[in-house]
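If you're matching positions, the sequence shown starts at -19 in this note's numbering and goes up one per residue.
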Amino acid sequence: MKRTITKRTIAIILALMLVVTTLVACNDPSPGTDTSKPDTTESKTEAPVTEPAATEPGPTEPDPTEPEEPGLIGEGLKAAMILPGPISDIGFSGPAYDGLVRIEKELGYEISFAESVAAADYENVFRTYAADGFDIIFAQGAQFLETAMLVADDYPDTWFAISSAFATNEKNISGWNLSSYDVGFLVGILAAQLTETNKIGNVSGAELPPLVMINDGIRAGAAYINPDVEVINIWTSATADNAQTKEAGVALLDSGCDILHSSAGVGTPGVVSAAAEAGKYLIANSADWTSVDPDTVLTSAMAGWSTAVYNTAVAFAKGELQPRPYMNGIAEGAVYMADYTEKAREVIPEEVFARMDEIIDGILAGDIVVADEVAKLPQD
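Below, the structure written as structure tokens:
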């Protein structure tokens, strides 16, 4: 059973300055209604940035050939989720919400969520959920970590699980993370094989560490294929609309880029529009954006936020979750390429697909280490 809470979005996303570099995907809030506390009415529903390594892998994406079926181990437990954007955001908030729904259906958790939560309301929402007896509170984005650190000591019996967080209080806070380097690397190795001008355009949201990491991952992936390929990045903002992101995409195309990538979250359709009007192609990330325009968006480098939620909930229900960061990337099966569109199959040579498979196999075998490739990038 889930309880739905809608929050007003203020065009503010905190650029959280962590002592240890954080990993986050793009957080793009959209308008919601103004409430001062969660509604409890029941209803159904560019120098490279160093990416910290978790001390141990996982919880990780299960092998799809051998799905984990732990049963209803979450029965009697309550899980809440705080989202910076709407659940309709298919790039960041939406996939996390999908994970919450999954743990209700498959694990038996009682769930609640607050979407489009404004920065000014973080503490109130955390405290309300904790006071209401929720056993674990998920928050999607490193910008929630500072508030979780403030609140967690007051609620020692509540667990706080923050995405893209590498710092914890070593008591009741853990981080559930995906490798932004790995996401970018997949984009880079594909785009570098497709560009004819040796210029890849990247439209990013706010200049936050995780998006810097994605950009560095693209640069490293491109350099792995061809050191002469240039990656040109334009920063927009955490609240960039489609008009702004389209303008950035057009500027990149005008500069000679012949393939685009978007890390602009809900502003991605604007970048898609720029590419489509120029007859160029785009690679997306975090979620499968191909439905926006399957003739323009060739594929997406997927970030398995929903799986990270699920695996965290499994570990919590089993009493195995520790107050430390957990990392998931290509090697753990949490970062991967979405299905290629029919258009992609038409325009991408078979040898490119073969090269992609070869490199991914090398990563899985440990012969290629993405972080090492990023470390080879020139210092600006």
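Each residue gets a CB set at the ideal place from its N, CA and C atoms; glycine is no exception.
- Counting the other Cβ atoms within 10 Å of the Cβ of Ser253 gives 16 or more, which makes it buried.
- For Trp285, the enclosing alpha helix (DSSP H) has its first and last residue at 285 to 297.
- Note on geometry: alpha-carbon atoms of Pro136 and Thr292 lie some 18 Å from one another.
- The C-beta of Arg325 has fewer than 16 other C-beta atoms within 10 Å across all chains shown, which makes the residue exposed.
- DSSP places Glu330 in the helix class (H, G or I) of the three-state scheme.
- The C-beta distance from Gly181 to Ile205 rounds to 16 Å, too long to fall under 8 Å, and the pair is not in contact.
- DSSP places Leu125 in the uninterrupted alpha helix (DSSP H) bounded by 125 to 132.
- Going by DSSP, Ala59 is part of the beta strand (DSSP E) stretching over 58 to 62.
- Beta-carbon to beta-carbon, Tyr77 and Ile83 are separated by about 11 Å, too far to satisfy the 8 Å threshold.
- Within a 10 Å sphere around the beta-carbon of Ser266 sit 16 or more other beta-carbons, which makes this residue buried.
- The Cβ atoms of Ala297 and Gly54 lie closer than 8 Å to each other.
- DSSP places Phe93 in the uninterrupted beta strand (DSSP E) bounded by 90 to 95.
- Per DSSP, Glu210 lies in no alpha helix (DSSP H) segment; the continuous beta strand (DSSP E) that holds it begins and ends at 210 to 215.
- Residue range 73 to 87 is occupied by the alpha helix (DSSP H) that includes Ala76.
- The DSSP assignment places 261 to 266 as complete runs of the beta strand (DSSP E) inside the segment 257 to 281, in order along the chain (cut-off: 3 residues).
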